[in-house]
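K.L.:
Position one of the sequence shown corresponds to residue 16 (the numbering used here), numbered consecutively onward.
Every residue, glycine too, gets a C-beta built ideally from N, C-alpha and C.
Note that the structure is a prediction, hence the values are computed from the model and not measured.
Below are the structure tokens for one structure; questions will follow.
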Amino acid sequence: MKIWVPSKAAADVLCDLPEVECVVYDGTEPVPEGAHEAEVWIPPLMPVADLPALLGRMTGLRLLQTVTAGVDAYLPHLPEGVTLCNARGVHDAGTAEWAVGAMIAVLREFPGFARAQARGEWTYHHTGVLADSTVLIVGYGSIGEALERRLDGFEVDVVRVARTARPGVHGLDELPGLLPGADVVVLLVPSTPETTGMVDAGFLAAMKDGAVLVNAARGPVVDTGALVAALNGGRILAALDVTDPEPLPPDHPLWTAPGVFVTPHVAGSSPASVRRTLKLLRSQLLRYLAGEPLKNVITGSY
């Protein structure tokens, strides 16, 4: 069985399995020969160029296992008969840790103090604080759960929102009424037609003055123009690991908007994520070879 893998590390943990041949394709080199022979494809972190054409050539494909939680790049082009699985869980720790660090960085004004340090200036003043805040988690899945565990001890109230209400978790339809009470709003929703542009001018206007928007979801979840306007108006603050467009062009107004902290989509990029990804890949392939049910199978739109 031929498996396309995104790295030598992935090959090293899979190619001792019986009757498995690994082909490394990281998305930057030319597409290997024999695409029609690949039965399992584990794509690289960033989607490859001309994905629909490549999938059209992979006529023997039966399993597409991503290394990301998001699968929006693959869903519209998934060939019939191919099982799609995501990497739910492997990036929880890194993303949750980034979200906590980012909200603290913005509230305690670490970016501004770092700039002052570079200038050799002692800029003493009071800052915001996370303690006694209400943190609203929008998209309460496995990453949201990991985030709440890390917030335990910071003396905050956590409010949970998911697409469908359940005990202890509000439904998405209740979000407008919850926004005005939140000091920090963390976005962890998947990228779907329903969530694209959900953070628009009305959403931002409903947030309280001085609240922090933390986007660890996907860039298109936020209307960038509306966010820039809100930041320039001085009403809210933001911490962004994802943007729209992405990468953010050097001259984009978001770079210089007041009160925003931007990182280049690094929340899940950590040694912990790599270790957990490799563990998941081996577990999935063992299940696949044994004909056992796979984890994280994507059905429907998500």
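1) Could you check if Tyr-155 is buried or exposed, using at least 16 other CB atoms within 10 Å of its CB as the buried criterion?
2) From Thr-211 to Val-46, what does the alpha carbon distance come to, in whole angstroms?
3) State buried or exposed for Asp-147, treating a residue as buried only when at least 16 other CB atoms are found within 10 Å of its CB.
4) Could you say which of Pro-62, Glu-112, Pro-33 lies nearest to Val-281 if we only look at CA atoms?
5) List the whole-angstrom C-beta distance separating Ala-232 from Leu-255, where the pair is believed to meet the contact cut-off of C-beta under 8 Å.
6) Which of the three DSSP states, helix, strand or coil, is assigned to Val-200?
7) At a cut of 8 Å, does the region 17-32 reach the region 284-299 through at least three beta carbon pairs?
8) Rounded to the nearest angstrom, what separates Leu-301 and Met-16 at their Cα positions?
9) So does the region 95-102 actually touch the region 65-80, counting three or more Cβ pairs closer than 8 Å?
10) Considering only DSSP beta bridges, list what Arg-134 is partnered with.
11) How many Å lie between Val-35 and Arg-103 at the Cα?
12) So Val-144 and Leu-122 are supposed to be a Cβ contact under 8 Å. How far apart are they, rounded?
13) Apart from the five residues just before and just after Leu-190, which ones in its own chain have a Cβ nearer than 7 Å to its Cβ?
14) Nearest to Met-73 by alpha carbon, out of Pro-273, Trp-19, Ala-245?
15) For Gly-159, is the classification buried or exposed, using 16 other Cβ atoms within 10 angstroms of its Cβ as the cut-off for buried?
16) Please report the residue range of the alpha helix (DSSP H) in which Trp-113 lies.
17) Which residue's Cα is closest to the Cα of Gly-49: Leu-60, Cys-37, Gln-132, Thr-43?
18) Identify whether Arg-175 lies in helix, strand or coil by the three-state DSSP scheme.
19) Using 10 angstroms around the beta-carbon of Trp-56, count the other beta-carbons present and answer buried if the total reaches 16, otherwise exposed.
20) Would you kindly report the start and end of the unbroken alpha helix (DSSP H) that includes Glu-261?
21) Candidates Gln-299, Asp-238, Met-213, Leu-60: which alpha carbon is nearest Ser-284's?
22) Look at the alpha carbon of Leu-228 and the alpha carbon of Thr-271, and state the distance between them as a whole number of angstroms.
23) Starting from Ile-18, trace the beta strand (DSSP E) in both directions and tell me its first and last residue.
24) For the alpha helix (DSSP H) containing Ile-313, list its first residue and its last residue.
25) Near Arg-165, which residues of its chain fall below 7 Å by C-beta distance, leaving aside the five closest residues on each side in sequence?
26) Hey, would you say Ala-92 sits closer than 7 Å to Pro-126, going by beta carbons?
27) Suppose you measure from the CA of Ala-226 to the CA of Ser-288; what does that come to, to the nearest Å?
28) Helix, strand or coil: how does DSSP classify Ala-53 here?
29) Please name the residue or residues paired with Phe-276 in a DSSP beta bridge.
P.N.:
With the given structure in hand:
1) Flag for Tyr-155 reads buried.
2) Straight-line measurement puts the Cα of Val-46 at about 31 Å from the Cα of Thr-211.
3) Flag for Asp-147 reads exposed.
4) Checked all of Pro-62, Glu-112, Pro-33; the closest Cα to Val-281 is Glu-112.
5) About 10 Å separates the CB atoms of Ala-232 and Leu-255; that is not less than 8 Å, and the two are not in contact.
6) Secondary structure of Val-200 (DSSP, three-state): strand.
7) A contact exists between the region 17-32 and the region 284-299.
8) A straight-line Cα-Cα distance of about 13 Å links Leu-301 and Met-16.
9) Inter-segment contact for the region 95-102 and the region 65-80 is present: three or more beta-carbon pairs are separated by less than 8 Å.
10) The partner list for Arg-134 (beta bridge, DSSP) is empty, contrary to what the question assumes.
11) Near 24 Å, if we compare the C-alpha coordinates of Arg-103 and Val-35.
12) Indeed they touch by this definition, with Cβ atoms about 6 Å apart.
13) Taken in chain order, the residues that qualify are Val-153, Val-176.
14) For Met-73, the nearest C-alpha among the options comes from Trp-19.
15) With 16 or more other Cβ atoms within 10 Å, it is buried.
16) In the DSSP annotation of this structure, the continuous segment of the alpha helix (DSSP H) that includes Trp-113 starts and ends at 107-122.
17) Nearest of Leu-60, Cys-37, Gln-132, Thr-43 to Gly-49, Cα basis: Cys-37.
18) Arg-175: strand per DSSP, three-state reduction.
19) Within 10 angstroms of the beta-carbon of Trp-56 lie 16 or more other beta-carbons, which makes it buried.
20) From DSSP, Glu-261 is part of no alpha helix (DSSP H); its letter is neither H nor E.
21) Comparing C-alpha distances from Ser-284 to each of Gln-299, Asp-238, Met-213, Leu-60 shows the shortest one belongs to Leu-60.
22) If you draw a straight line from the Cα of Leu-228 to the Cα of Thr-271, it comes to about 17 Å.
23) Under the DSSP assignment, Ile-18 falls in the beta strand (DSSP E) whose first and last residues are 17-20.
24) DSSP places Ile-313 in no alpha helix (DSSP H); its state is neither H nor E.
25) If we look at Arg-165 and ignore the five residues flanking it on each side, its Cβ neighbours are Ala-111, Glu-112, Val-115.
26) The identity of residue 92 in the sequence shown is His, whereas the question assumes Ala. Going by C-beta atoms, His-92 is not nearer than 7 Å to Pro-126.
27) Rounded to the nearest angstrom, the two C-alpha atoms are 30 Å apart.
28) Strand, per DSSP.
29) Note: Phe-276 sits in a beta bridge opposite Ala-254.
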